[in-house]
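Student: Dropping the structure in here first, questions after.
Residue numbers (my numbering), protein chains in the order written: chain A, 3 to 119; chain B, 3 to 119.
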């Protein structure tokens, strides 16, 4: 079965640079979530989108922005990168229970490991 | 706010034996979901099992089962016939079920499980 795809898998940036992470949800999933997992930490929710509209917002810094496109893929844009942004960034997707077949269960991609030097 | 507590930072079990991972949560919500995710050394987040709060029957997936005690706000994971491939970090997660909104998951700090040969 198709899974969530994230690209790139690894990214190295310098401080104050920008980074763009991409997420391609499971086909027919309508909701995308972004999480940040620091070293030795549990994943922390950043932001989610349902049907291309922002749905929920967590601890996402103002330097970060995200959107979901017409093909349901999502991009997380990170500017003015700081050393503390080094983390594993997960995208997850789900099929919302707003529809008859939805379960809201989130399936995670493999993550993008961002290293800020 | 919802909190998830995993009181066992590390556990170990012999291959083929049974182990139980503990999870408690705090919420004033009546409708919600609970999950166990597994994160092996590859760092992939893999769904292990899901429980709807309105269901009294405990969820089971092959060797994995839960003991869901809603009144006690407890959600433990039992792994039977442990296998070396079960070695991973296990996260307990909580998600509200508001129906009209797509909610982020709140994770516990994780329990690192090692299966010994």
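Don't be surprised by glycine CBs; every beta carbon is placed ideally from N, CA and C.
What residues from the stretch 41-54 of chain B come within 7 Å of chain A, judged by C-beta to C-beta, listed N to C?
Tutor: 45, 46, 47, 49, 52
Student: Quick check on residue 93 of chain B - is its C-beta less than 7 Å from some C-beta in chain A?
Tutor: yes
Student: CB-CB under 6 Å to residue 70 of chain A, same chain, minus the five flanking residues each way: which ones, in chain order?
Tutor: 34, 51, 54, 76
Student: Using DSSP with H/G/I as helix, E/B as strand and the rest coil, what is residue 44 of chain A?
Tutor: Correct three-state label for residue 44 of chain A: coil.
Student: Taking the beta strand (DSSP E) that residue 31 of chain A falls in, what are its first and last residues?
Tutor: Taken as a continuous stretch (DSSP letters only), residue 31 of chain A belongs to no beta strand (DSSP E), as it is neither H nor E.
Student: Across which residues does DSSP place residue 63 of chain B in a beta bridge pair?
Tutor: B:66
Student: Take residue 22 of chain A and list the residues in its own chain whose beta-carbon comes closer than 6 Å to its own, dropping the five residues that flank it on each side.
Tutor: 77, 79
Student: Taking one C-beta from the stretch 52-69 of chain B and one from the stretch 26-40 of chain B each time, how about it: are there three or more such pairs within less than 8 Å?
Tutor: Cβ pair count under 8 Å is three or more, so yes.
Student: Check the Cβ-Cβ distances between residue 5 of chain A and every residue of chain B, and say whether any is below 7 Å.
Tutor: Not one chain B Cβ lies under 7 Å of residue 5 of chain A.
Student: Could one say the Cβ of residue 144 of chain B lies closer than 7 Å to chain A's Cβ atoms, at least one of them?
Tutor: What is shown of chain B runs 3 to 119, which leaves residue 144 of chain B out entirely.
Student: Helix, strand or coil for residue 58 of chain A per DSSP?
Tutor: strand
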